[in-house]
Amino acid sequence: MIRVTAFIFLIAIIAGVQDKHTVSTSADATLYETIKEKRQDYYIAPQNAKIDKVWKKTPGLNGREVNVDKSYQNMKEDRKFNEKKLAYNEISPEISLKDLPAAPIYKGHVDKKMVSLLINVSWGEEYIPSMLKTFASHRIKGNFFIDGAFAKDNKQLMQMIAEDGHVIGSHGYGHPDFSKLDASSVEKNLESTNEILEAFTDENIKWFAPPSGSFSNQTLETAYAMNMETVLWSVDTIDWRKPTKGVLIERVVSKLHNGATILMHPTEVTSESLDDLIKMIKEDYKIVEYPRLISEKR
1 MIRVTAFIFL IAIIAGVQDK HTVSTSADAT LYETIKEKRQ DYYIAPQNAK
51 IDKVWKKTPG LNGREVNVDK SYQNMKEDRK FNEKKLAYNE ISPEISLKDL
101 PAAPIYKGHV DKKMVSLLIN VSWGEEYIPS MLKTFASHRI KGNFFIDGAF
151 AKDNKQLMQM IAEDGHVIGS HGYGHPDFSK LDASSVEKNL ESTNEILEAF
201 TDENIKWFAP PSGSFSNQTL ETAYAMNMET VLWSVDTIDW RKPTKGVLIE
251 RVVSKLHNGA TILMHPTEVT SESLDDLIKM IKEDYKIVEY PRLISEKR
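Residue 37 in the UniProt record's numbering sits at position 37 of the sequence shown, with consecutive numbering throughout.
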């Protein structure tokens with residue numbers, strides 16, 4: 001009798017475990033199906049890069065789609081749908097910047113709440129160490145577009161910029177007016193500058209900021225043929241006119257926007273304003289390297 005009772009009790013336990021497993025499997029299946037059903041609500045289509053009438057070469061932006069399997073793994077312990085635990089895959093657009101013809105790039109995508117700081121360098125070596133120190137204190141990177149002649153005469157500063165991991169681009173050699181140079185002169189100028197800059201970066205120079213923003217179609221096409229993008233700006237400190245610190249900061253902050261590129265130079269007022277300016281920008285935007293700003297990544 002005891003053996004029979006024990007056997008019946010064991011069967012009851014097994015049945016209970018099986019029932020519990022069935023409920024668990026059912027709940028999991030329901031959660032998985034819920035994620036599949038809701039994924040369309042969170043889908044964002046990718047946007048192609050394009051040539052804008054005003055802003056010229058404009059970066060595209062990746063779309064996104066829900067990764068159902070990863071999202072399920074994130075939620076299965078709670079056994080309920082939670083949009084904060086959704087995992088996504090990015091979807092590349094059909095047309096990228098590299099697919100577009102030669103044209104200047106003024107800013108990043110309008111949907112990216114990020115900005116980049118562009119520092120054009122042909123002079124002002126005495127202010128660069130202070131600016132580098134400020135960048136380091138905020139753990140951000142600037143984008144230095146450097147004159148080949150300056151780099152040749154200031155090797156220690158170049159080493160500092162490179163070792164700190166800042167983006168280095170070309171500002172041409174000798175601060176010429178590129179709009180007045182023929183294609184051959186543009187090519188020689190950029191080649192000589194790149195040779196100098198690449199000695200510090202160990203990488204090909206990809207970015208070119210023409211002095212004073214002056215260029216011609218020949219400039220654009222020659223740089224493009226050399227696998228270089230021409231970089232301009234959407235917000236200008238106009239620091240070379242020696243504004244007060246307050247004027248410089250207001251000039252930038254009042255014009256900030258998604259994807260902004262902020263032009264500055266190594267001047268006394270910029271060096272003195274940089275810490276406060278970065279703090280104010282960070283209240284609403286993330287400061288990133290230029291390649292990240294114009295990338296398609298969300």
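Note that CB positions come from ideal geometry on N, CA and C, so glycine has one too.
The distance from the Cβ of Val68 to that of Ile105 is about 36 Å, inconsistent with a contact at the 8 Å cut-off. Cβ neighbours of Asp99 within its own chain (closer than 8 Å, five residues either side excluded): Ala49. As summarised for the stretch 66 to 147, the continuous beta strand (DSSP E) elements at least 3 residues long and confined to that stretch are 88 to 91, 114 to 121, 143 to 146, given in chain order. Considering only Tyr43, Ser71, Ser212, Ser130, the residue with the shortest C-alpha distance to Ile238 is Ser212. Following the DSSP letters along the chain, one finds Lys245 in no beta strand (DSSP E) but inside the alpha helix (DSSP H) bounded by residues 245 to 253. Bounds of the alpha helix (DSSP H) holding Thr193 are 183 to 201. Restricting attention to Ile294, Glu272, His171, Glu283, the CA atom closest to the CA of Thr261 is found in Ile294. For Ser273, the enclosing alpha helix (DSSP H) starts and ends at 268 to 282. Looking from the CA of Asp275, the closest CA among Met228, Asn227, Gly142, Ala45 belongs to Gly142.
Inter-residue distance for Asp164 and Ala136 is about 8 Å (C-alpha atoms, whole angstroms).
Phe145 and Ile161 have their C-alpha atoms spaced approximately 11 Å apart.
For Thr237, there is no enclosing alpha helix (DSSP H), as DSSP gives it neither H nor E.
Relative to Leu181, the option among Leu197, Gln159, Tyr32, Ser216 whose CA is nearest is Ser216. Under the DSSP assignment, Lys56 falls in the beta strand (DSSP E) whose first and last residues are 56 to 58. Under DSSP, Glu229 forms a beta bridge with Trp207.
In this structure Met158 touches Phe200 by the C-beta definition: roughly 5 Å separates them, less than 8 Å. Membership of Lys242 in any alpha helix (DSSP H) is not indicated, and neither H nor E is assigned to it by DSSP. With distances taken between CA atoms, Asn258 lies nearest to Thr58 out of Thr58, Asp147, Leu197. For Ile161, the enclosing alpha helix (DSSP H) has its first and last residue at 155 to 163. With three or more CB-CB distances shorter than 8 Å, the stretch 110 to 126 counts as touching the stretch 267 to 287.
Under the three-state reduction of DSSP, Arg298 is assigned to coil, being neither helix nor strand. In this structure, the beta-carbon distance from Leu197 to Ser170 falls below 8 Å.
In the three-state scheme derived from DSSP, where H, G and I count as helix and E and B as strand, Leu256 is classed as coil. Its Cα nearest to that of Asp28, the residue Asn74 stands out among Asp41, Lys56, Asn74, Asp52. The three-state reading of DSSP puts Gly63 in strand, counting E and B together.
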